[in-house]
Amino acid sequence: MSGPGCTRFAPMLSARPGELPAEEERALHAHLEGCGACRARLADERALDGLVARALLEEAARVDFAPFVDQVMARVERPRGLRGMLALVARHKVAAAATALAPALAALGIILYVSRGPEVVPQVGDVEVVSEGRGPVVLSTEAGPVVLLGDPTGPEGT
Amino acid sequence: MEAEELSLLTRVRQGEREAFREIVVRYQRKVYAVALGIVKDRDLAWDVAQEAFVRVHRHLPEFKGDSSLQTWILRIASHAAIDSVRRERASSRQDIDEVREGDLAEGGEGILATALGSNPQESALRAELLSKIQEALAQLPEKHRTILVLRELEGLSYEELAERLGIHKGTVMSRLFHARRKMQVLLRRYAGLALPAGGEEGEP
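Residue numbers (this note's numbering), protein chains in the order written: chain A, 46 to 203; chain B, 174 to 377.
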């Protein structure tokens, strides 16, 4: 029959050595000496100790795991979706910093490009051949001299 | 951490696919057992075990080796299993953890221990009980299944259970008590071990 203190001590019966404070452990031992019901509960605890783990591991041992590892590998190697990409970025700080800075860098690039104004295209002025024969041809343009390599007098021209 | 585990981890971190396969094969049954104990259903346990390994793969770069690889993997497995039954847990939140007089009134203390200890067919009875454990576990509320599995399969201490489940140590003890007691009552029934006449058993 349960006696006084059983509600306090019964939950302590599953404690492993060292899990209870020394004072509580002493109190539990003292209670057990005078309480047959708790001694019987303790015996039940010990009789069934480890049974749950054993049962579950035995059940797992009966399962055919042949396809398991391939299924796991297929899942971990599956192409990443947006969520996966975000997780990847979150894990790699350098990539995350680069990702965060990318829009700013792109905007800066555009500003610099636009601020350069229209590109100066050399205009061909009066053509003045300053060399002759099979050597390079130098044209005089508004932007300065332009050297044409190759043979301007050959069959395919330049 | 064991040298072998360390070597496996290093190989995985170097991108060796086969090393991760080795980790899966090495721990798959234990991970499945944890999942099965918590989620009850075999198919769901299979899915949860796979999800656990996907999480292991994802978080391996963060694993610092403060615990053994097995401890870390089983922790991830139990988290995955708890996540999958979160709804059920929410619905059973009203279950009381404290131990009251009435919880001890059913009696039958020591019957299982006596039967297992004195029965010449002890191994047969134990085998019979083993085959009924999963059925009994499935009848427990999720929080009782979870704490039993974490205690028995992962081997967590009271402190570790309190931390993992976010409850006080006292609540851990009383919740474990209720879980074990319900399990014992169910196993007594399965084993056909009736209570003595008059209900509550006297002092043995």
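Don't be surprised by glycine CBs; every beta carbon is placed ideally from N, CA and C. Computed from a prediction, not measured in an experiment: that's the story for all the values here.
Assigned secondary structure, residue i (DSSP; H/G/I helix, E/B strand, else coil)
i: isoleucine 340 of chain B; result: coil
i: serine 240 of chain B; result: coil
i: alanine 253 of chain B; result: helix
i: lysine 213 of chain B; result: coil
i: glycine 290 of chain B; result: helix
i: serine 330 of chain B; result: coil
i: valine 108 of chain A; result: coil
i: arginine 91 of chain A; result: helix
i: alanine 206 of chain B; result: helix
i: glycine 178 of chain A; result: Confidence is the limiting factor: at glycine 178 of chain A the pLDDT is only 46, short of 50, which leaves the residue's position unreliable and the question unanswerable from this model.
i: arginine 123 of chain A; result: coil
i: glutamate 235 of chain B; result: helix
i: glutamine 187 of chain B; result: coil
i: glutamate 177 of chain B; result: helix
i: leucine 366 of chain B; result: coil
i: threonine 52 of chain A; result: helix
i: alanine 335 of chain B; result: helix
i: cysteine 80 of chain A; result: coil
i: valine 258 of chain B; result: coil
i: alanine 61 of chain A; result: For the record, residue 61 of chain A in the displayed sequence is arginine; it is not alanine. Coil at arginine 61 of chain A, not helix or strand.
Cβ of residue i within 8 Å of any chain A Cβ
i: tyrosine 205 of chain B; result: yes
i: arginine 362 of chain B; result: no
i: histidine 230 of chain B; result: yes
i: arginine 186 of chain B; result: no
i: isoleucine 306 of chain B; result: yes
i: tyrosine 200 of chain B; result: no
i: alanine 253 of chain B; result: no
i: alanine 335 of chain B; result: no
i: serine 330 of chain B; result: yes
i: alanine 311 of chain B; result: no
i: valine 227 of chain B; result: yes
i: phenylalanine 236 of chain B; result: no
i: leucine 303 of chain B; result: yes
i: valine 221 of chain B; result: no
i: arginine 194 of chain B; result: yes
i: glycine 365 of chain B; result: no
i: alanine 286 of chain B; result: yes
i: leucine 181 of chain B; result: no
Contact set for residue i: own chain, Cβ-Cβ below 8 Å, skip 5 residues either direction
i: arginine 324 of chain B; result: Leu334 and Leu349
i: alanine 72 of chain A; result: Phe54
i: phenylalanine 236 of chain B; result: Leu182, Leu242 and Trp245
i: arginine 337 of chain B; result: Arg248, Ser251, Leu323 and Leu329
Test: residue i CB closer than 8 Å to a CB of chain B
i: arginine 71 of chain A; result: no
i: proline 56 of chain A; result: yes
i: leucine 150 of chain A; result: no
i: alanine 105 of chain A; result: yes
i: proline 167 of chain A; result: Per-residue confidence for proline 167 of chain A stands at a pLDDT of 49, beneath the threshold of 50, marking its modelled position as unreliable; no derived number is given.
i: alanine 147 of chain A; result: no
i: alanine 100 of chain A; result: yes
i: valine 159 of chain A; result: no
i: glycine 50 of chain A; result: no
Same chain, Cβ closer than 6 Å to residue i, five either side skipped, listed in chain order
i: alanine 192 of chain B; result: Leu181, Arg184 and Val185
i: glycine 202 of chain A; result: Low confidence applies here, because glycine 202 of chain A scores a pLDDT of 39, under 50, leaving its location unreliable and the question unanswered by this model.
i: leucine 58 of chain A; result: Arg86, Leu87 and Glu90
i: glycine 178 of chain A; result: Residue confidence is low: glycine 178 of chain A scores 46 on pLDDT, short of 50, so the model does not pin down where it sits. Its coordinate-derived value is still stated next. So no residue of the chain qualifies.
Cβ distance (whole Å) where residue i is taken to contact residue j below 8 Å
i: alanine 253 of chain B; j: alanine 225 of chain B; result: 4 Å
i: glutamate 178 of chain B; j: leucine 242 of chain B; result: 4 Å
i: alanine 222 of chain B; j: alanine 250 of chain B; result: 7 Å
i: glutamate 327 of chain B; j: valine 258 of chain B; result: Incorrect: roughly 16 Å between the Cβ atoms, too far for contact.
i: glutamate 208 of chain A; j: serine 330 of chain B; result: Coverage of chain A is limited to positions 46 through 203, which leaves residue 208 of chain A absent and any answer about it impossible.
i: leucine 209 of chain B; j: leucine 96 of chain A; result: Wrong, their Cβ atoms sit about 15 Å apart, outside the cutoff.
i: leucine 285 of chain B; j: arginine 361 of chain B; result: 6 Å
i: proline 62 of chain A; j: methionine 346 of chain B; result: The pair is not a contact, with the Cβ atoms about 15 Å apart (cut-off 8 Å).
i: valine 121 of chain A; j: histidine 232 of chain B; result: Rounded, the Cβ-Cβ distance is 12 Å, inconsistent with contact.
Contacting residues, own chain, Cβ-Cβ under 7 Å from residue i (five flanking each side not counted)
i: arginine 299 of chain B; result: Leu289
i: glutamate 301 of chain B; result: Ala364
i: valine 197 of chain B; result: Phe226
i: alanine 352 of chain B; result: Leu313, His317, Ile320 and Leu321
i: glutamate 195 of chain B; result: Leu181
i: cysteine 51 of chain A; result: Cys80, Ala82 and Cys83
is_contact[residue i, chain E] using C-beta, thresh 8 Å
i: valine 258 of chain B; result: In summary, chain E is missing from the structure at hand, where the protein chains are A and B.
Between the segment 73–98 of chain A and chain B, which residues of the former have CB atoms less than 9 Å from a CB of the latter, in chain order? Cβ contacts with chain B: Cys80, Gly81, Ala82, Cys83, Arg84, Ala85, Arg86, Leu87, Ala88, Asp89, Glu90, Arg91, Ala92, Leu93, Asp94, Gly95, Leu96, Val97 and Ala98.
Going along the segment 206–218 of chain B in order, which residues come within less than 8 Å of chain A, judged by CB to CB distance? Look at the segment 206–218 of chain B: the residues with a C-beta under 8 Å from a C-beta of chain A are Ala206, Val207, Leu209, Gly210 and Arg215.
Of all the residues that make up the segment 59–70 of chain A, which are near chain B by a beta-carbon distance shorter than 8 Å? Closer than 8 Å at the C-beta level to chain B, one finds these residues of the segment 59–70 of chain A: Ser59, Ala60, Arg61 and Glu64.
Between the segment 347–358 of chain B and chain A, which residues of the former have a C-beta closer than 8 Å to a C-beta of the latter? Residues of the segment 347–358 of chain B that bring their beta carbon within less than 8 Å of a beta carbon in chain A comprise Ser347, Leu349, Phe350, Arg353, Met356 and Gln357, in sequence order.
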